[in-house]
Amino acid sequence: MVAEGTVTRPTFWGIGHLGEIAFYLLAVVTILVFAYGVYRRVDRYTAGAADWFDRLDDLPHRIVSSAQIVLSNKQLFDRDTVGGLMHAFILWGFLTLLIGTTILAIDMDIYQPITGLVGTEQSFFVGDFYLSYSLVMDAMGLLFVVGVGVALYRRYAARKWRLHGKHTSLEDDLFIWALFFLGVGGYLTEGLRILGTGFPAFETVSFVGWFVAEVLSVAGMTQMTAEAIYPAVWWSHSLLAFAFIAAIPFGKPFHMLSSYANIVTRDEKAGARLPGIPADLDADTGAESIDDFSWKEILDQDACTKCGRCSSACPAETSGRPLDPRDVILDLKQYRESLDAGETEEIDIVADGGESVVDAATMESCMACMACMDACPVDIEHLKSFTRMNRQLTDQGDVDSNVQDTFDNIMGMGNTFGDPPDERAAWAEDLDFDVTDAREEDVEYLWYVGDYPSYDERNKQVARSLAKILEHADVEYGILFEDEKYDGNDIRRLGEEFLYVDLAGYHVEKFEEVDPEKIICTDPHSYNTFKNEYPEVEYEDFADEPLMQFEYDGEWNQDGTVDVLHWTQAVEEMVEDGALGLRGNELDVTVTYHDPCHLGRYNDEYEAPRDLIRATGATLAEMPRNRNESFCCGGGGGGLWMDIDEESKPSEERMREALEDTEAGDAVEKFVVACPMCMTMYEDGMKTGGYEDDIEIVDVAELLVEAIESGPGVDAAGTSGATSQAD
Numbered sequence: 082m083v084a085e086g087t088v089t090r091p092t093f094w095g096i097g098h099l100g101e102i103a104f105y106l107l108a109v110v111t112i113l114v115f116a117y118g119v120y121r122r123v124d125r126y127t128a129g130a131a132d133w134f135d136r137l138d139d140l141p142h143r144i145v146s147s148a149q150i151v152l153s154n155k156q157l158f159d160r161d162t163v164g165g166l167m168h169a170f171i172l173w174g175f176l177t178l179l180i181g182t183t184i185l186a187i188d189m190d191i192y193q194p195i196t197g198l199v200g201t202e203q204s205f206f207v208g209d210f211y212l213s214y215s216l217v218m219d220a221m222g223l224l225f226v227v228g229v230g231v232a233l234y235r236r237y238a239a240r241k242w243r244l245h246g247k248h249t250s251l252e253d254d255l256f257i258w259a260l261f262f263l264g265v266g267g268y269l270t271e272g273l274r275i276l277g278t279g280f281p282a283f284e285t286v287s288f289v290g291w292f293v294a295e296v297l298s299v300a301g302m303t304q305m306t307a308e309a310i311y312p313a314v315w316w317s318h319s320l321l322a323f324a325f326i327a328a329i330p331f332g333k334p335f336h337m338l339s340s341y342a343n344i345v346t347r348d349e350k351a352g353a354r355l356p357g358i359p360a361d362l363d364a365d366t367g368a369e370s371i372d373d374f375s376w377k378e379i380l381d382q383d384a385c386t387k388c389g390r391c392s393s394a395c396p397a398e399t400s401g402r403p404l405d406p407r408d409v410i411l412d413l414k415q416y417r418e419s420l421d422a423g424e425t426e427e428i429d430i431v432a433d434g435g436e437s438v439v440d441a442a443t444m445e446s447c448m449a450c451m452a453c454m455d456a457c458p459v460d461i462e463h464l465k466s467f468t469r470m471n472r473q474l475t476d477q478g479d480v481d482s483n484v485q486d487t488f489d490n491i492m493g494m495g496n497t498f499g500d501p502p503d504e505r506a507a508w509a510e511d512l513d514f515d516v517t518d519a520r521e522e523d524v525e526y527l528w529y530v531g532d533y534p535s536y537d538e539r540n541k542q543v544a545r546s547l548a549k550i551l552e553h554a555d556v557e558y559g560i561l562f563e564d565e566k567y568d569g570n571d572i573r574r575l576g577e578e579f580l581y582v583d584l585a586g587y588h589v590e591k592f593e594e595v596d597p598e599k600i601i602c603t604d605p606h607s608y609n610t611f612k613n614e615y616p617e618v619e620y621e622d623f624a625d626e627p628l629m630q631f632e633y634d635g636e637w638n639q640d641g642t643v644d645v646l647h648w649t650q651a652v653e654e655m656v657e658d659g660a661l662g663l664r665g666n667e668l669d670v671t672v673t674y675h676d677p678c679h680l681g682r683y684n685d686e687y688e689a690p691r692d693l694i695r696a697t698g699a700t701l702a703e704m705p706r707n708r709n710e711s712f713c714c715g716g717g718g719g720g721l722w723m724d725i726d727e728e729s730k731p732s733e734e735r736m737r738e739a740l741e742d743t744e745a746g747d748a749v750e751k752f753v754v755a756c757p758m759c760m761t762m763y764e765d766g767m768k769t770g771g772y773e774d775d776i777e778i779v780d781v782a783e784l785l786v787e788a789i790e791s792g793p794g795v796d797a798a799g800t801s802g803a804t805s806q807a808d
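Residue numbers for the sequence shown follow our numbering, so the first one is 82 and each next one is one higher.
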């Protein structure tokens, strides 16, 4: 029992014993409904297909690191500071109110009964503890209400476009308004209690509740009136809280649990590496039915909060292509739930024409740039589900005709162009020196040139520039000549898994024959798949015979025995060692730089190309969207090979951004890239956008060669000087 005059508050003030019993009965029902709902969700996940990756390894670390991510809201601050603060206020306020309610329950339902058993019933909800509790609860509750208020403003007044869309529903309105009335209702209840109990002096610590009580008093409400209407307001607030808690597992509020679970089970290399085809005969490779999706992909669907961050970051959506990554995830979720509830018949998951959950044109629009995944605050792995559907399209033969031609070229000639393999190294014939054949001589650097630098006329210039750099640095490097084939990165993302496996096995065998210390790649796409995906290939065919029998020696790309590098990373080391003889003032030119998706978002390499640009003396003016926010050129995911109807080309938009949105403005003379596909897309965008007289597209390698040839001690060929410098 709490003595009269003690600094505390009456918990069931004016409710009565019958009301208290009813409250506890409703609490039990609420908890049971909540538990049943969670059970149904978890049971549905267990019915999903097995996931390719181990999602629960080192679980304690996963739980702690995920808690840090969620509580810090750091992923929500990315790209949207106001949105990050808004969500932080709501989250921290909600958790504080939840903890505060739990503390009160512990005092009333555990501590007081236990102390009562020994004849000395006590409460810790008194004195300084109560005052501190009240201050914290009022302060954090205020943050909660402010956060919800900002959310209401953004949704209904500012009408932020990404918060509305195909899947916006009454559920979204009920969710946000329930939070608002829970927050405001709590303060109204507190204000009525303070007014009804005669403004106890110590309650000033509850500054928001005191303010509400003062407003009610000024408005003419008496102590007697407050005492009379308090039970009705208290019950309204309590019933709303019970309804909200019970509804959590059955609708949008479930993201409060599923989002955290999704972050706990995330794959740190999601997108950069894709799941393979299981060796199990009964395992489906694509998405013939909703049951083919793994439990993690189902969890992805439930974790989606409809925030639209992926939509706003997606270059396909921005360009007017028929793809909104949020809608794809939510379309799958809606179909699954309708199917589970018996409300719809089974239809194709993805198809080119006819009735399907997702249309083939939607998947063809994806550039595999991973902007959606980078923007997602709850680590939804869009690209994994998208690839599953692309595999289904490939299995069905519903593939874009240009893409099918590319597949045929690779199968027939080993490259995407369909050109003869013996012409693969023809680009090197115009050099004043010979490029080493790595099959015949030991080399430190095995240079994988790639398809576009080998066969595309514009990118051949980039290959020659990089050869000059390596020659100038006097390092041991070599290429595979006609034994090099296409790396397989983008066709894998288009769903052609078996051809990818064949290419991976072929190249690993060639790499092991050469046994280099390092592999360097011209193309970030090659770099990504060699580094992140080739080590994962261990598949068997349907006859229990090895589909591609090879192994990395157990140390490949794991303990540094073989390093896989993008060429900018390798050359950056050479520049630091002084091998190129650059002084950092060779070029007086202002440039901007575009981060390739496969180098940046895929592999978190942003600084090596920039360091090389600065090493030439060029002034680097950043575009507003840079590093992880870089806007895709449109060439990834097979976009380079397709004719896609779009309102505007991503490459044209990027050209405009370079010239109009950088701080340097018209002073920008060169648009620098570090990817052959980007070179091709931006050369096209420059022409179709009418920017040919405004800016020049160059590769980092070309910029470096220009600087080297402008430096001292360089002969007419621009390839010597390294030896004299070393001497």
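Just so it is clear, CB atoms sit at the ideal spot from N, CA and C, and this is done for glycine as well.
Residue range of the beta strand (DSSP E) that residue 751 falls in? As a position in the sequence shown, residue 751 is number 670, starting the count at 1. First-last of the beta strand (DSSP E) with residue 751: 751-754.
Identity of the residue in 215, 221, 214 and 329 nearest residue 253 by Cα: On the sequence shown, residue 253 is found 172 positions in, with the first residue counted as 1. Put simply, of 215, 221, 214 and 329 the residue whose alpha carbon is nearest the alpha carbon of residue 253 is 329.
Go ahead and label residue 131 buried or exposed: buried means 16 or more other beta carbons lie within 10 angstroms of its beta carbon, across all protein chains shown. The sequence position of residue 131 within the sequence shown is 50, counting from 1. Its Cβ having fewer than 16 others within 10 Å, residue 131 is exposed.
Is it true that the CB of residue 713 sits closer than 8 angstroms to the CB of residue 756? Along the sequence shown, read from residue 1 onward, the residue named residue 756 stands at position 675. Along the sequence shown, read from residue 1 onward, the residue named residue 713 stands at position 632. Against a cut-off of 8 angstroms, the Cβ pair of residue 713 and residue 756 comes out as no contact.
From the DSSP output, in three-state form, read off residue 700 for me. As a first step, residue 700 is located in the sequence shown; it is residue number 619 there, counting from the start. It is a strand residue.
For the candidate residues 462, 476, 382 and 369, whose alpha-carbon lies nearest to that of residue 437? For this step, residue 437 is matched to residue 356 along the sequence shown. Comparing Cα positions, the closest option is 369.
Compare the C-alpha of residue 375 against each of 465, 435 and 411 and name the closest. Within the sequence shown, the letter at position 294 stands for residue 375. If we check each option's Cα against that of residue 375, 465 comes out closest.
So what does DSSP say about residue 679, is it helix, strand or coil? Counting from 1 along the sequence shown, the entry for residue 679 is found at position 598. Residue 679 falls in the coil class under three-state DSSP.
Locate the alpha helix (DSSP H) running through residue 120, then write down its first and last residues. Within the sequence shown, the letter at position 39 stands for residue 120. Run containing residue 120: 97-127, per the alpha helix (DSSP H) assignment.
Residue from 188, 782 and 170 with nearest C-alpha to residue 534: Residue mapping note: residue 534 aligns to position 453 of the sequence shown, counting from 1. Restricting attention to 188, 782 and 170, the CA atom closest to the CA of residue 534 is found in 782.
Answer with buried or exposed for residue 650, where buried requires no fewer than 16 other C-beta atoms within 10 angstroms of its C-beta. Residue numbering aside, residue 650 sits at position 569 when the sequence shown is read from its first letter. Residue environment analysis places residue 650 among the buried positions, since at least 16 neighbouring C-beta atoms fall within 10 angstroms of its C-beta.
What first and last residue would you give for the beta strand (DSSP E) that runs through residue 674? Reading the sequence shown from its first residue, position 593 is the one you call residue 674. Unbroken beta strand (DSSP E) run through residue 674: 671-674.
Is it true that the stretch 666-682 meets the stretch 410-418, where meeting means three or more beta-carbon pairs spaced less than 8 angstroms apart? By the C-beta criterion, the stretch 666-682 is judged not to be in contact with the stretch 410-418, since fewer than 3 inter-stretch pairs fall below 8 angstroms.
Tell me which same chain residues have a C-beta within less than 7 angstroms of the C-beta of residue 291, skipping the five on either side of it? Within the sequence shown, residue 291 is the residue found at index 210, counting from 1. In its chain, beyond the 5 residues on either side, 275, 284 and 285 have a beta carbon closer than 7 angstroms to the beta carbon of residue 291.
Output the boundary residues of the alpha helix (DSSP H) element that contains residue 420. In the sequence shown, residue 420 corresponds to position 339, counting from 1. Annotation for residue 420: the continuous alpha helix (DSSP H) segment containing it runs 406-421.
Quick one: using the 10 Å Cβ neighbour count with 16 as the cut-off for buried, is residue 666 buried or exposed? On the sequence shown, residue 666 is found 585 positions in, with the first residue counted as 1. When all chains shown are included, residue 666 counts as exposed.
Suppose you measure from the CA of residue 88 to the CA of residue 204; what does that come to, to the nearest Å? Within the sequence shown, residue 88 is the residue found at index 7, counting from 1. Within the sequence shown, residue 204 is the residue found at index 123, counting from 1. Each residue's alpha carbon lies about 11 angstroms from the other.
Would residue 349 be called buried (16 or more neighbouring beta carbons within 10 Å of its own) or exposed? Position 268 of the sequence shown, counted from the start, is the residue given in the question as residue 349. Around the beta carbon of residue 349, a 10 Å sphere encloses fewer than 16 other beta carbons of the protein chains shown; the residue is thus reported as exposed.
Backbone CA spacing between residue 209 and residue 614 [nearest angstrom]: For the purposes of this step, residue 209 is taken as the residue at position 128 of the sequence shown. For the purposes of this step, residue 614 is taken as the residue at position 533 of the sequence shown. Looking at the backbone, the Cα of residue 209 and that of residue 614 are separated by about 59 angstroms.
Mapping DSSP to helix, strand and coil, what is residue 567? Counted from its first residue, the sequence shown places residue 567 at position 486. The answer is coil: DSSP assigns residue 567 none of H, G, I, E or B.
Quick one: using the 10 Å Cβ neighbour count with 16 as the cut-off for buried, is residue 778 buried or exposed? Residue numbering aside, residue 778 sits at position 697 when the sequence shown is read from its first letter. Buried.
Which of the three DSSP states, helix, strand or coil, is assigned to residue 437? In the sequence shown, counting from the first residue as 1, residue 437 sits at position 356. Looking at residue 437 - three-state DSSP - the assignment turns out to be strand.
Find out if the Cβ-Cβ distance for the pair residue 730, residue 771 is shorter than 8 angstroms. Here residue 730 is taken as the residue at index 649 of the sequence shown, counted from 1. Here residue 771 is taken as the residue at index 690 of the sequence shown, counted from 1. Cβ distance not < 8 angstroms, so residue 730 and residue 771 don't count as in contact.
6 angstroms Cβ shell around residue 692 - same chain, five flanking residues per side excluded: The sequence position of residue 692 within the sequence shown is 611, counting from 1. Only 653 meet the Cβ criterion.
Give me the Cβ distance between residue 458 and residue 156, rounded to the nearest whole Å; I'm assuming they're in contact under 8 angstroms. Numbered from its first residue, the sequence shown carries residue 458 at position 377. Numbered from its first residue, the sequence shown carries residue 156 at position 75. About 4 angstroms separates the two Cβ atoms, so the contact holds.
Could you spell out where the alpha helix (DSSP H) holding residue 289 opens and where it closes? Taking the sequence shown and counting its residues from 1, the one referred to as residue 289 is at position 208. In the DSSP assignment, residue 289 falls within the unbroken alpha helix (DSSP H) covering 288-299.
Let me make sure I understand the geometry here. Which of 231, 197 and 185 has the alpha-carbon closest to that of residue 162? Within the sequence shown, residue 162 is the residue found at index 81, counting from 1. Looking at 231, 197 and 185, the one whose alpha-carbon comes closest to that of residue 162 is 231.
Cα separation between residue 810 and residue 776? Nothing can be reported for residue 810, as the shown portion of the chain is limited to 82 through 808.
Does the Cβ of residue 581 have 16 or more other Cβ atoms within 10 Å, making it buried, or fewer, making it exposed? Indexing the sequence shown from 1 puts residue 581 at position 500. Result: buried.
Could you tell me whether the Cβ of residue 219 comes closer than 8 angstroms to any Cβ of chain C? Absent here is chain C; the protein component of the structure consists of one chain.
Where do the ends of the beta strand (DSSP E) carrying residue 780 lie? The count along the sequence shown starts at 1 and reaches residue 780 at position 699. Taken as a continuous stretch (DSSP letters only), the beta strand (DSSP E) holding residue 780 covers 777-780.
Judging by CA-CA distance, which residue of 785, 442, 257 and 450 is the nearest neighbour of residue 484? Counting from 1 along the sequence shown, the entry for residue 484 is found at position 403. The candidate whose alpha carbon is nearest that of residue 484 is 442.
Given that a residue counts as buried once 16 or more other Cβ atoms are within 10 Å of its Cβ, and exposed if not, what is residue 198? Start at 1 with the first residue of the sequence shown, and residue 198 comes out as number 117. By the 16-neighbour rule on beta-carbons within 10 angstroms, residue 198 is exposed.
Cα separation between residue 655 and residue 554? The sequence position of residue 655 within the sequence shown is 574, counting from 1. The sequence position of residue 554 within the sequence shown is 473, counting from 1. Those two C-alpha atoms are separated by around 7 angstroms.
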